[in-house]
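Note that the protein sequences, when read in sequence, are chains L and U.
Mapping the first sequence onto this note's numbering, position 92 (from 1) lands on 246, and the numbers just tick up by one.
Mapping the second sequence onto this note's numbering, position 109 (from 1) lands on 263, and the numbers just tick up by one.
All residues carry an ideal CB built from backbone N, CA and C; glycine is no exception.
The structure appears below as structure tokens.
Number of protein chains: 2
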Amino acid sequence: MRHGHFREQAGGSGKKLRTRAALVDAAIKVVAEKGMEALKITDVTTAADVANGTFYNHFEDKDEILREAAFAIVVEVSQKLDADMAGIEDGPTRVVTATAQFIEIVVDAPDWAAVVLGGTDHVPQLREDADTYLRADLERGVAQGKFDVEVTSLLVDQILALIAVAMRTQLKGGRDTKVTSQVCESILRLLGVSGAKARKVVSSVLND
Amino acid sequence: MRHGHFREQAGGSGKKLRTRAALVDAAIKVVAEKGMEALKITDVTTAADVANGTFYNHFEDKDEILREAAFAIVVEVSQKLDADMAGIEDGPTRVVTATAQFIEIVVDAPDWAAVVLGGTDHVPQLREDADTYLRADLERGVAQGKFDVEVTSLLVDQILALIAVAMRTQLKGGRDTKVTSQVCESILRLLGVSGAKARKVVSSVLND
DNA sequence: CTCATAAATGAGATATTTCTCAAAAATGAG
DNA sequence: CTCATTTTTGAGAAATATCTCATTTATGAG
Numbered sequence: 155m156r157h158g159h160f161r162e163q164a165g166g167s168g169k170k171l172r173t174r175a176a177l178v179d180a181a182i183k184v185v186a187e188k189g190m191e192a193l194k195i196t197d198v199t200t201a202a203d204v205a206n207g208t209f210y211n212h213f214e215d216k217d218e219i220l221r222e223a224a225f226a227i228v229v230e231v232s233q234k235l236d237a238d239m240a241g242i243e244d245g246p247t248r249v250v251t252a253t254a255q256f257i258e259i260v261v262d263a264p265d266w267a268a269v270v271l272g273g274t275d276h277v278p279q280l281r282e283d284a285d286t287y288l289r290a291d292l293e294r295g296v297a298q299g300k301f302d303v304e305v306t307s308l309l310v311d312q313i314l315a316l317i318a319v320a321m322r323t324q325l326k327g328g329r330d331t332k333v334t335s336q337v338c339e340s341i342l343r344l345l346g347v348s349g350a351k352a353r354k355v356v357s358s359v360l361n362d
Numbered sequence: 155m156r157h158g159h160f161r162e163q164a165g166g167s168g169k170k171l172r173t174r175a176a177l178v179d180a181a182i183k184v185v186a187e188k189g190m191e192a193l194k195i196t197d198v199t200t201a202a203d204v205a206n207g208t209f210y211n212h213f214e215d216k217d218e219i220l221r222e223a224a225f226a227i228v229v230e231v232s233q234k235l236d237a238d239m240a241g242i243e244d245g246p247t248r249v250v251t252a253t254a255q256f257i258e259i260v261v262d263a264p265d266w267a268a269v270v271l272g273g274t275d276h277v278p279q280l281r282e283d284a285d286t287y288l289r290a291d292l293e294r295g296v297a298q299g300k301f302d303v304e305v306t307s308l309l310v311d312q313i314l315a316l317i318a319v320a321m322r323t324q325l326k327g328g329r330d331t332k333v334t335s336q337v338c339e340s341i342l343r344l345l346g347v348s349g350a351k352a353r354k355v356v357s358s359v360l361n362d
């Protein structure tokens, strides 16, 4: 059996941890295939190739493994993102870079996308993390006089919703850079950047 | 027992139709309380105050009653909307009016909101209807030279996502006109209307 | 009011999913 | 290699939900 990302990452660090990681990978796979609501314990153990009872050695219930899966993915994605963002000073450039990279990473790992999209409902922490991350860049842009908005949580919700649209569209229709750049442009427009300037920033970030 | 909207509407038109309407009302109520995924047949029959078996005299399964509920709501909302839209020629004004009215109607009937929000996933027809409705006004605005965009289904999805944000925010935090006007402004910005002009249109529509 | 028909009832059969636990297998420290 | 300990196993008990249907009740046309 081929191993998933987190089972791979667990390497040889003890049988228990390896099984646990395999279960998390399996849960992610099942969510991608059937959606978060339809996930059954048996689906997970079958996909992980362990006995049904094994699930309960590791997790209390469905919610617990879903939270762990979402969290593991977020940690992973944040690390990749941080690397790309270091040293970027311009607010609009930061927002577009973060958005585009985030979308790209998640769309490239479509199994992760389903968990991230479903996770915003089920794992409050996920949304909070995104909020903190995004808000800093928005405020930077405002301080630089590049964004003409008041930074509120309603604004953050709107931007996250647009990012979700880009993810969902590419999950359905396949990877498509135009979708990402169009949504990035929309986000800048939302922030009070003119259409012309928005196009310029987006194309400069996406063609490096 | 107090009756819900559709049971009321059914009036005295035959026992079967009255029971059916009561079931639809009950389904809407249960969805609002526990979400679309968690809905159980028994919850519906209990809320409708009928025997469990009665459900099957009217509907094949869960999906069927949910579709019927969503459809009934959409018909109702569309009728109210059409009345308000008649005679408005200006594209931006139409978009803001439709958006604001739609949000207001649904937020005023919070039970409906849950079905509408959940329905976009489960009832493809719902999204298609919204698409058709919205697209016409977008194209009108473009033809009038008021919107600086290409009308694509990606654009429609983005606008629908922003409307959903406004609905969700007010479902959680209670009715709040500022939320609606802020989101309407965002939608206009998305469509290439300048911040100043957007504010003007929104405030002129929302203060009549 | 009467009666044929339509509709509702709810007990229980069937189906699905979760969860437990005694027994078996695997692990790794010494 | 040995063996106390950890982990896995999977059969089946328990819980939950769906759906059927023989019977009862309500309806409204005549």
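DSSP places arginine 353 of chain U in the uninterrupted alpha helix (DSSP H) bounded by 349-360.
Runs of beta strand (DSSP E) with 3 or more residues, each lying fully within the stretch 222-247 of chain L, are absent. Between threonine 208 of chain U and threonine 173 of chain U, the CB-CB gap stays under 8 Å.
Interface residue (Cβ-Cβ distance to chain U less than 8 Å): threonine 323 of chain L is classified as such. When the five nearest sequence neighbours on each side are left out, the beta carbons in the same chain lying within less than 6 Å of the beta carbon of isoleucine 182 of chain L are those of Ala223, Asp265 and Val269, in order along the chain.
In this structure, isoleucine 195 of chain L sits near asparagine 206 of chain L, with a CB-CB distance shorter than 8 Å. DSSP places asparagine 211 of chain L inside the alpha helix (DSSP H), whose first and last residues are 209-212.
Counting the other CB atoms within 10 Å of its CB gives serine 307 of chain L a total below 16, which places it among the exposed residues. In terms of CA proximity to alanine 202 of chain L, L/His157 leads the group L/Met190, L/His157, L/Glu230 and L/Glu243. When CB distances to chain L are screened at a threshold of 7 Å, the residues of the stretch 188-205 of chain U falling below it are Glu191, in chain order. Counting along the chain, no alpha helix (DSSP H) covers histidine 157 of chain U, and no H or E run does either. For aspartate 291 of chain L, no CB of chain U lies under 8 Å from its own CB, so it is not counted at the interface with that chain. Counting the other CB atoms within 10 Å of its CB gives valine 229 of chain L a total below 16, which places it among the exposed residues. Here the C-alpha atom of glycine 165 of chain L lies approximately 14 Å from the C-alpha atom of valine 178 of chain L. Interface annotation, glutamine 336 of chain U: in contact with chain L, CB-CB separation under 8 Å. Under a 10 Å Cβ-count criterion, serine 340 of chain L is classified as buried, with 16 or more other Cβ atoms of the shown protein chains found around its own Cβ. Within the stretch 263-291 of chain U, no residue has its Cβ closer than 8 Å to any Cβ of chain L. Taking CB atoms only, leucine 344 of chain U has a neighbour in chain L less than 8 Å away. Using a Cβ-Cβ cut-off of 9 Å, glycine 349 of chain U is close to Asp302, Val303 and Gly346 of chain L, given in chain order. In this structure, the CA atom of glycine 245 of chain L is about 14 Å from the CA atom of leucine 344 of chain L. The Cβ atoms of leucine 360 of chain L and threonine 323 of chain L do not sit closer than 8 Å to each other. Nearest to leucine 220 of chain U by C-alpha distance, out of U/Asp283, U/Ala176 and U/Gly273, is U/Gly273. Closest in C-alpha terms to aspartate 285 of chain U, from the list U/Gln255, U/Ser167, U/Val231 and U/Val310, comes U/Val310. Against chain L, the beta carbon of valine 319 of chain U has neighbours under 8 Å at Leu308, Asp311, Gln312 and Ala315, listed in chain order. In the displayed model, valine 277 of chain U falls within coil according to three-state DSSP, outside both helix and strand.
Apart from sequence neighbours up to five positions away, the residues of its chain that approach leucine 316 of chain L with a beta-carbon distance below 7 Å are Val337, Ser340 and Ile341, ordered along the chain. Inclusion of valine 204 of chain U and valine 184 of chain U in the CB contact set at 8 Å is not warranted, their separation being larger than that value.
The Cβ atoms of threonine 251 of chain U and aspartate 236 of chain U lie no closer than 8 Å to each other. The C-alpha of serine 357 of chain L is placed about 26 Å away from the C-alpha of alanine 350 of chain U. Here the alpha carbon of lysine 169 of chain L sits roughly 60 Å from the alpha carbon of alanine 290 of chain U. The C-alpha of valine 319 of chain U lies about 37 Å from the C-alpha of glutamine 163 of chain L.
The Cβ atoms of lysine 234 of chain U and isoleucine 257 of chain U lie no closer than 8 Å to each other. Residues of chain L whose Cβ lies closer than 7 Å to the Cβ of serine 340 of chain U are, in chain order, Gln312 and Leu344.
Proximity of valine 333 of chain U to chain L, defined by a Cβ-Cβ separation below 8 Å, is satisfied.
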